[in-house]
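In the numbering used here, the protein residues as written are 76 to 665.
For every residue, glycine included, the Cβ atom is placed at its ideal position computed from N, Cα and C.
Here the structure is a predicted model, which is why all the values come from computation and not from measurement.
The structure appears below as structure tokens.
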Amino acid sequence: MNILLTTLNAKYIHSSLALRYLRSYAKQVYENVELVEYTINDVMLNIVSDIYKRKPDLVAFSCYIWNIRETLDVVRTLKKLRPDLPIILGGPEVSYDTDEWMKKHPYIDVISIGEGEVTFLELCQAYEKALKTGEQPDLAGVAGIAYRSGDFVRFSKPREQIEDLGSIPSPYEDNLHELDNRVVYFEASRGCPFKCQYCLSSIEDGVRYFPLERVKQDLKRLIDHGVKTIKFVDRTFNINKKYALEIFQFLIDNHNGTIFQFEITADILRSDVVEFLLENAPPGIFRFEIGVQSTNDETNRLVQRIQRFDRLSANVTRIKESGIIAQHLDLIAGLPEEDYASFRQTFNDVFALRPEELQLGFLKMLRGTGVRARAANHGYVYMEDAPYEILGNNVLSFDDMQRIKRVEDILEKYWNAHRMDTTLEWIFAQESYGTPFDFFQAFGDFWEKQGWSRLGHQLEDLFTRLRLYLENVKSPDAVHVESLMKFDYLRNQKHRPRKVWWEDITEKREMQEIYAEVFEQRERLRDDFAAHAANEKDYFKHTMVARVSFDIERWLTAGEVIPGEYHLVVYYPYQQNRENTFAVVKRRTV
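This is the structure in structure tokens:
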């Protein structure tokens with residue numbers, strides 16, 4: 076029997092862990108289990124054509140909120156071409172409200188509900204028997220599914236969870252070439268001990284673990300293959316301290332440059348675990364994703380989220396200051412009883428920790444979750460189809476949501492992209508701009524008013540648009556902010572830029588005067604900068620100059636702002652693994 080497993084990933088670089096589990100489990104019985112991954116951006120008819128030419132006897136789709144619409148289009152068309160082809164859907168998006176899915180979409184033959192490895196194998200066996208005998212498959216005997224019986228939708232008995240996760244063959248024993256140039260998703264455990272009502276993990280009881288030695292073997296196999304990024308999908312990786320430490324130690328010993336991302340609950344992260352990581356982990360190999368969501372105590376109580384923000388802040392700050400581990404913090408706008416003012420406070424509370432990345436998301440009323448079941452209690456209005464994002468509730472209007480989306484847009488473009496960190500830190504230190512949230516909001520509103528949200532942008536546009544905003548609000552320190560923008564622009568370039576976005580270009584005579592000043596100060600410069608500064612031709616080849624309104628170098632080192640006519644000189648070494656550097660020299664008076 077030809078079995079086809081497939082899904083539509085959000086991007087090409089993603090890979091499906093669920094399908095690889097199904098394949099590894101089914102291959103205990105069937106040799107011919109084919110796995111094909113498409114993306115939601117692929118042309119629907121091209122996907123259908125590709126599946127059609129593979130001539131499967133059974134096809135199964137993995138479904139999520141990001142691909143369900145495109146998946147249904149594929150399935151509907153495929154069924155027209157192959158009416159007798161059994162089509163099975165599974166995954167979190169169809170595991171809830173299953174009766175509705177089956178009734179609304181008659182081209183779906185079976186939906187696998189919940190954990191799917193054993194269920195999928197038994198479905199394959201039922202269909203294989205039917206294929207051989209010419210009879211209808213005995214689907215009633217397969218636990219954990221919804222299926223069709225004539226004009227009716229039937230449900231079989233519920234499927235028990237797999238107690239021994241080690242009984243599932245590794246999804247990473249072979250076919251590793253499929254993962255080249257892709258992000259690999261990895262699972263060391265299933266389940267979550269917490270009951271956050273906006274999350275599907277709240278429905279599953281308990282946490283189950285894969286055998287530790289099996290986890291290490293799989294990780295070593297992936298690392299040796301050259302996988303660049305492995306994302307652990309464990310809902311709370313650090314819930315079991317001993318288990319987590321074992322894996323951390325193994326990765327520290329064997330990482331070979333691979334980057335590992337974990338979902339961490341920061342307020343329960345033990346101080347000795349933090350200390351171990353900061354003392355032993357090589358910089359840059361670990362990345363923590365930390366869900367904060369809200370700092371409003373009443374909101375957290377309503378969604379049954381237990382969180383000590385003081386402990387979370389202490390751990391995030393300690394890790395941030397070490398520079399060893401990058402941190403990605405998450406917020407959710409639209410949680411119960413958190414109005415615009417409360418969310419502004421949440422944002423500022425969390426932004427004060429200065430995470431490397433702050434993701435501002437919007438509540439999605441996922442099927443099966445508690446917040447969706449109790450949506451009427453808080454006046455929720457939300458999209459009927461995936462991704463079920465809220466449009467407003469009893470304390471947060473649609474206008475408020477749109478305003479917060481403008482904050483998100485500027486946050487992504489300017490803070491998360493790290494294009495002008497020095498500039499932003501200056502802005503956040505000035506009372507005239509208000510809180511960080513206020514700045515992002517005001518700039519976002521201006522961005523929208525200018526119509527820029529409907530236009531594309533290049534890197535230079537981000538700088539010129541911020542400058543226009545500062546001019547519009549008549550910023551008292553606009554000249555200093557523009558100087559820092561020049562600094563960020565030049566410092567973030569790997570090579571000497573061919574063009575700049577500012578107009579006050581330095582003339583040749585002044586450039587020579589600046590060179591003379593740098594030449595006199597070369598003893599205080601980094602060795603390679605000093606060496607090139609000793610020769611005028613080498614100096615001009617490796618440097619870029621910009622006029623600035625204060626001594627940025629002194630401000631960065633001593634915190635002192637000395638206004639005046641200065642020149643920023645940025646040096647580009649053109650050497651691998653060596654960053655550029657800079658000097659600030661005072662403009663000579665004639």
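Quick check on the burial criterion: 16 or more other C-beta atoms within 10 angstroms. Buried or exposed for V665? Caution applies to V665, whose pLDDT of 48 falls short of 50 and renders its modelled position unreliable; the model cannot decide the point.
In terms of alpha-carbon separation, which member of E628, Y647, L80 lies closest to P638? Nearest of E628, Y647, L80 to P638, Cα basis: E628.
At what residues does the alpha helix (DSSP H) containing R300 begin and finish? Note on identity: in this sequence residue 300 is His, with Arg being the wrong assignment. For H300, the enclosing alpha helix (DSSP H) has its first and last residue at 287-300.
Would you mind listing the beta strand (DSSP E) stretches within the stretch 89-139 that are 3+ residues and don't spill past its ends, in chain order? Counting whole runs of 3 or more residues, the stretch 89-139 contains the beta strand (DSSP E) stretches 108-114, 133-137.
Top-ranked residue by Cα proximity to V623, from D602, T498, A591: Closest by alpha carbon: T498.
With distances taken between CB atoms, is the gap from D213 to A201 smaller than 7 Å? Cβ distance < 7 Å, so D213 and A201 count as in contact.
Return the bridge partner residues of D405 from the DSSP annotation. Under DSSP, D405 shares a beta bridge with G366, Q434.
Bridge partner(s) assigned by DSSP for E338: In DSSP, E338 forms a bridge with E364.
Could you work out which residue in E203, M177, L164, N84 is closest to Y105 when comparing CA atoms only? Minimum Cα distance to Y105 is reached at E203.
Are L80 and L97 close, meaning C-beta to C-beta below 7 Å? In contact: L80 and L97 (Cβ atoms closer than 7 Å).
Does DSSP put F312 in a helix, a strand or coil? Residue state, collapsed to three classes: helix.
What is the DSSP secondary structure of A221, counted as helix, strand or coil? When secondary structure is reduced to three states using DSSP, A221 falls in the strand class.
Per DSSP, what kind of secondary structure is R257 in: helix, strand or coil? Note: R257 maps to coil in three-state DSSP.
Given a threshold of 16 other Cβ atoms within 10 Å of its Cβ, counted over all protein chains shown, does A356 qualify as buried or as exposed? Answer is buried; the Cβ neighbour count reaches 16.
Quick one: any contact between the stretch 365-381 and the stretch 402-420, if contact means 3 or more CB pairs under 8 Å? Taking a cut-off of 8 Å on C-beta distances, the stretch 365-381 touches the stretch 402-420, as three or more cross pairs fall below it.
Note down, in chain order, each residue of its chain lying with its Cβ closer than 6 Å to the Cβ of H607, except the 5 sequence neighbours on either side. Counting only Cβ-Cβ distances below 6 Å, and skipping sequence neighbours, we find D613, Y614, H617.
Is there contact between the stretch 251-261 and the stretch 86-96, where contact requires at least three CB pairs shorter than 8 Å? Because the criterion of three Cβ pairs below 8 Å is met, the stretch 251-261 and the stretch 86-96 touch.
Please classify A263: does DSSP put it in a helix, a strand, or coil? Three-state result, A263: coil.
S170 versus V456: straight-line alpha-carbon distance, rounded: Straight-line measurement puts the Cα of V456 at about 23 Å from the Cα of S170.
Grab me the residues of A605's own chain with a C-beta within less than 6 Å of its C-beta, minus the 5 sequence neighbours each way, in chain order. Excluding residues within five positions, the ones whose Cβ falls inside 6 Å are R597.
From I334 to I126, what distance separates their C-alpha atoms? Straight-line spacing of the CA atoms in I334 and I126 works out to 34 Å.
Just reading off the alpha helix (DSSP H) that K612 is part of, what are its end residues? 611-617 is the span of the alpha helix (DSSP H), which, as asked, contains K612.
Identity of the residues DSSP links to N84 by a beta bridge: The partner list for N84 (beta bridge, DSSP) reads T114.
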